[in-house]
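Novice:
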Amino acid sequence: MKIRLSKDLRAHILAHLQSTYPNEGGGFLLGSFDAEGATLADFSPVNNSFAEAEQFHRYAMTPLEYAKHEDAADERGLMLLGWYHSHPDSPAVPSSYDLNAAVQGTGVNFLWLIAQIDQAQAVDLRAYQLRPEKDGFNELRLVDF
Amino acid sequence: MPSIKIPTPLRAYTGGNIQVPVTGSTIRAVLDDLTTQYPDIKPHLFNNSELRSFVNIFVGDEDIRFLDGLDTPLEASDALRIIPSIAGGQDLPRRIDQTGLRVGMAVTIIALLVAFVLNLWPLVLLVAVAQLLGGLDSPYAPYKLFYQNVLKPRGLVKPNVITDNPEPHRFAMLVGAGFNFAATLTLLTGATVLGWSLVWVVIALANLNFWVNFCVGCYVYYQLGKFSVPGFNRAPLS
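Going line by line, the protein sequences match chains A and B. Counting from 19, one number per residue, gives the positions in the first sequence under our numbering. Counting from -17, one number per residue, gives the positions in the second sequence under our numbering.
1) Please report the residue range of the beta strand (DSSP E) in which histidine 103(A) lies.
2) Check whether chain B comes within 8 Å of glutamate 150(A), counting only Cβ atoms and requiring the distance to be less than that.
3) Does glutamine 139(A) come out as helix, strand or coil in the three-state DSSP assignment?
4) So if I threshold CB-CB distances at 9 Å, which residues from the segment -7 to 4 of chain B count as touching chain A?
5) Is the shortest distance between the beta-carbon of proline 121(B) and the beta-carbons of chain C less than 8 Å?
6) With a threshold of 16 other CB atoms inside 10 Å of the CB of proline 112(A), please say whether the residue is buried or exposed.
7) Please classify phenylalanine 48(B) as buried or exposed, where buried requires at least 16 neighbouring CB atoms within 10 angstroms.
8) Counting only the same chain and skipping the five closest in sequence on each side, list residues whose C-beta sits under 7 Å from that of glycine 177(B).
9) On the DSSP bridge assignment, give the partners of leucine 114(B) in chain order.
10) Within the same chain, show all residues whose beta-carbon is closer than 7 Å to that of glycine 82(B), passing over the 5 residues directly before and after it, in chain order.
11) Check each candidate in Arg(-7)(B), Met87(B), Asp146(B) and Asp53(B) and name the one with the smallest Cα separation from valine 194(B).
12) With 8 Å as the threshold, decide whether the Cβ of aspartate 53(B) is near any Cβ in chain A.
13) Check each residue of the segment 109 to 120 of chain A: if its Cβ is closer than 7 Å to any Cβ of chain B, include it; give the result in chain order.
14) Can you check which of these residues, Arg77(B), Lys24(B), Arg34(B) and Val198(B), is closest to threonine 145(B) by C-alpha distance?
15) In the DSSP assignment, what are the bridge partners of lysine 126(B)?
16) Distance, Cα to Cα, valine 141(A) vs serine 108(A)?
17) In this structure, how does DSSP classify aspartate 162(A) when only helix, strand and coil are distinguished?
18) DSSP puts proline 212(B) in a beta bridge; with which residues?
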């Protein structure tokens, strides 16, 4: 499975995550699934609602933010395909905290993009999907167009 | 008949349906109806009979956890929806923004020098309060607000996030606050030599930290930790 996104969209997502450094940032990924995987069409930044003192290593959004962005995506005929968040000064690989959130919350039908932001500069962006066994993530191919 | 909005990640289990008409006069009853219509969705909503902690049910803008939970009564016109919690983060980081700490040290040094030169005990008290709020990690800590809202957005200083325990640095700030509170009281009693000596201890330690990067308060914190003093339980990071 591969995830297609334009170079502009990649740049905008990373610019958002650089702007929230040294805290974690995040938002939604909008687009559509297709035969080969998924194509991202847009993104929606969402404020980090985690306790401010912990935002350097934690991100959360409120349920009402989720509802608002899902309604907007549905109205546009796009799907809320998944979400993205940053790992400031840490590798763009899912943590055990991420795994628990995916297992308990978003499940296997939601894409995860994780960006490594070092010293306010994006150095890596990777895509993941929870495995059906729910014991970890599979990394997906990110393809620019 | 109420209907329930299915979140995108769970629509695979409702045949792609976004809104599912359901019957029932409580949340429990309509979820029973939903899971009867679409059994595959059940394990994604419940752990045994308990609603999963990362699954939220909203009636309008209200989370049922703040109403009567699964026993929340429903009207036919109620808009119901399932919302997954979205959260993420990192495992280990113990991080501090060294620039933020250095800004605090610089302001402390300058303010205390000004207080000494102009013989202003209220300025010592202000620094003590700022250090106390910083040490308690208050969102109203003046140094943090100055750094986050004034210096950083204007690009006047650059964040320098490093891996370290924040607790010893907060303890160091509390020690500084303690010295400055003691100095204020001493100055008010007229013992100016002792009062300003206490202030100069803080100036010296802040300079040592600012210029040489040696945090005496942190060192004391870790020494107390070695003697298993309660509350000093962070070990130095390698």
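Every residue, glycine too, gets a C-beta built ideally from N, C-alpha and C. It should be emphasised that the depicted structure is a prediction, and the values quoted were computed from it without experimental measurement.
Specialist: This is what the structure gives:
1) Residue 103(A) sits at position 85 when you count from the first residue of the first sequence. Residues 97 to 106.
2) If you number the first sequence from 1, residue 150(A) lands on position 132. As written in the sequence, residue 150(A) is proline, which differs from the glutamate given in the question. No, no contact with chain B.
3) Within the first sequence, residue 139(A) is the residue found at index 121, counting from 1. Of the three classes helix, strand and coil, the one that applies to glutamine 139(A) here is strand, per DSSP.
4) Cβ contacts with chain A: Arg(-7), Ala(-6), Tyr(-5) and Ile0.
5) Of the protein chains in the structure, A and B, none is chain C.
6) Counted from its first residue, the first sequence places residue 112(A) at position 94. Counting the other CB atoms within 10 Å of its CB gives proline 112(A) a total of 16 or more, which places it among the buried residues.
7) Along the second sequence, read from residue 1 onward, the residue named residue 48(B) stands at position 66. Phenylalanine 48(B) is exposed by the Cβ-count criterion.
8) By one-based count along the second sequence, residue 177(B) stands at place 195. Cβ within range, chain order: Ala165, Thr168 and Leu169.
9) The count along the second sequence starts at 1 and reaches residue 114(B) at position 132. None, per the DSSP bridge assignment.
10) Start at 1 with the first residue of the second sequence, and residue 82(B) comes out as number 100. Only Lys126 and Tyr129 meet the Cβ criterion.
11) Start at 1 with the first residue of the second sequence, and residue 194(B) comes out as number 212. Nearest of Arg(-7)(B), Met87(B), Asp146(B) and Asp53(B) to valine 194(B), Cα basis: Met87(B).
12) Within the second sequence, numbered from 1, the residue matching residue 53(B) stands at position 71. Aspartate 53(B) is outside the set of residues whose beta carbon lies under 8 Å from a beta carbon in chain A.
13) From the segment 109 to 120 of chain A, only Ser113, Ser114, Tyr115, Asp116 and Ala119 have a Cβ closer than 7 Å to chain B.
14) Here residue 145(B) refers to the residue found at position 163 when the second sequence is read from its first residue. Among Arg77(B), Lys24(B), Arg34(B) and Val198(B), the Cα nearest to that of threonine 145(B) is on Arg77(B).
15) Along the second sequence, one-based indexing puts residue 126(B) at 144. As far as DSSP is concerned, lysine 126(B) takes part in no beta bridge.
16) Numbered from 1 along the first sequence, position 123 holds the residue referred to as residue 141(A). Numbered from 1 along the first sequence, position 90 holds the residue referred to as residue 108(A). Taking the straight line from one Cα to the other gives about 10 Å.
17) Your numbering for residue 162(A) matches position 144 in the first sequence. Aspartate 162(A): strand per DSSP, three-state reduction.
18) Within the second sequence, the letter at position 230 stands for residue 212(B). The partner list for proline 212(B) (beta bridge, DSSP) is empty, contrary to what the question assumes.
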